[in-house]
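What follows is a set of notes on a single structure, which appears directly below.
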Amino acid sequence: MKLGFVSDSLGELPFHELLDHAVRMGVSGVEVNTCGWSTAPHFDLKSMLGNKAAQRDFLKAFSDRGLQVISLNANGNTLHPTDPAQGEGLKDTIRVAGELGIGTVCTMSGLPAGNATDTMPNWVVSSWPPETQAILKYQWEEKLFPFWTEIVALARGNGVEKIALELHGNQCVYNVPSLFKLRNEVGTIIGANLDPSHLFWMGADPLVAAEALGNAIYHVHAKDTFLNAPKQAVASLLENGSLMDIPARSWSYITLGFGHGEEWWRQFCYRLKMAGYDGWLSIEHEDVVLNLLEGLEKSVALLKGVMPAAPADYKPQDI
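Those letters in the sequence shown? Residues 267 to 585, by this note's numbering.
Below you can see the structure in the form of structure tokens.
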């Protein structure tokens, strides 16, 4: 496996300073945010598209430091009913990735409205009352399947080999079954960006999910979640309070090791290997309590201690 981090983890820093910190921390690459819910401070998507000189300078900044571009990340609601720019941003990200020779694009499935006249995204998380089923039928058959059929064709035409969908709340693809529902319909260019932090607060087990996904794991975000048991006991994990008010929330994103200890992350890495995954661990630091650099450094140190880095070479002796 190889270790890196998401560029927005140090979103306040200039691009070259961010890369210098990556070298100092001893990681191998950076995943670069391009659009959507990110202001993309390190990548101007529109000016990069078709601009060979800008692309050359971008890649040179990495290669001069011995770093790799892990992937491009268009992390937004690609099927927002009133903001088509988010879906167009994904399309442009795929085009730029093809021009740059980057084989993986990370994004999310999108969350449409509940019907053709609604203007707000609608996330269905229960099977009752009965209109929920009509919403799901509309979202999947009228929106997701056609959109992702188009996106898969675009990726194939631009040489993008993998689109890694983050299993994220408030998206139609948010767990293992919904990932396979889309993948089985539109093809294996679609796979999972397995981020344990979201599965934690949704009540799933990332260790079991890794086994269930198997070769459908195309990318991994390393992010932890703090489960605040006293708050959870009275409010549940269906949390909609301020992301900044950590003491009041039933769950919060947190620096690696502060929510789940080193032993859990050791098991996670091993489960990934068991599932056949030997790719990137890309740290996505979103802890609002710790200093950004300090939190990222602690996350890097933890993963360096537990992730497998060398190829397996053991075999029983011939006796």
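No residue lacks a Cβ here, since even glycine has one placed at the ideal position from N, Cα and C.
These numbers were taken from a predicted model, which means no experiment stands behind them.
| query | result |
| --- | --- |
| By the three-class DSSP mapping on this structure, what secondary structure does Gly380 have? | coil |
| Would you call Ile585 buried or exposed, if buried means 16 or more other Cβ atoms sit within 10 Å of its Cβ? | exposed |
| Measuring straight from C-alpha to C-alpha, what distance separates Ala458 and Pro378? | 20 Å |
| Quick one: is Pro574 buried, meaning 16 or more other Cβ sit within 10 Å of its Cβ, or exposed? | exposed |
| Can you give the beta carbon distance from Ser273 to Val298, rounded, assuming they're within the 8 Å contact cut? | 5 Å |
| Since Val439 and Ser337 should fall inside the 8 Å C-beta cutoff, what is the C-beta to C-beta distance between them, to a whole number of angstroms? | Incorrect: roughly 17 Å between the Cβ atoms, too far for contact. |
| Output the boundary residues of the beta strand (DSSP E) element that contains His282. | From DSSP, His282 is part of no beta strand (DSSP E) but of the alpha helix (DSSP H) over Phe281 to Met291. |
| Name the two residues that bound the continuous beta strand (DSSP E) containing Ser337. | Gln334 to Asn341 |
| For Asp553, which residues of its own chain have a beta-carbon under 7 Å away from its beta-carbon, when the five flanking residues on both sides are left out? | Tyr519, Ile520, Thr521 and Gly561 |
| Can you tell me the Cα-Cα spacing of Asp544 and Pro395, whole angstroms? | 43 Å |
| State the Cα-Cα distance for the pair Trp467 and Thr491, rounded to the nearest angstrom. | 7 Å |
| In or out: Tyr484 buried (at least 16 other Cβ within 10 Å) or exposed? | buried |
| Can you tell me whether Phe271 is helix, strand or coil according to DSSP? | strand |
| Report the rounded CA-to-CA distance for Gly435 versus Val390, giving the unit in angstroms. | 10 Å |
| Output the residue ranges of the beta strand (DSSP E) runs that lie fully inside the segment 421-475 and measure 3 residues or longer, sorted by chain position. | 428-432 and 456-460 |
| Taking Cβ positions, are Trp546 and Gly295 nearer each other than 9 Å? | yes |
| Using the Cα positions of Gly571 and Arg537, report the straight-line distance between them to the nearest angstrom. | 16 Å |
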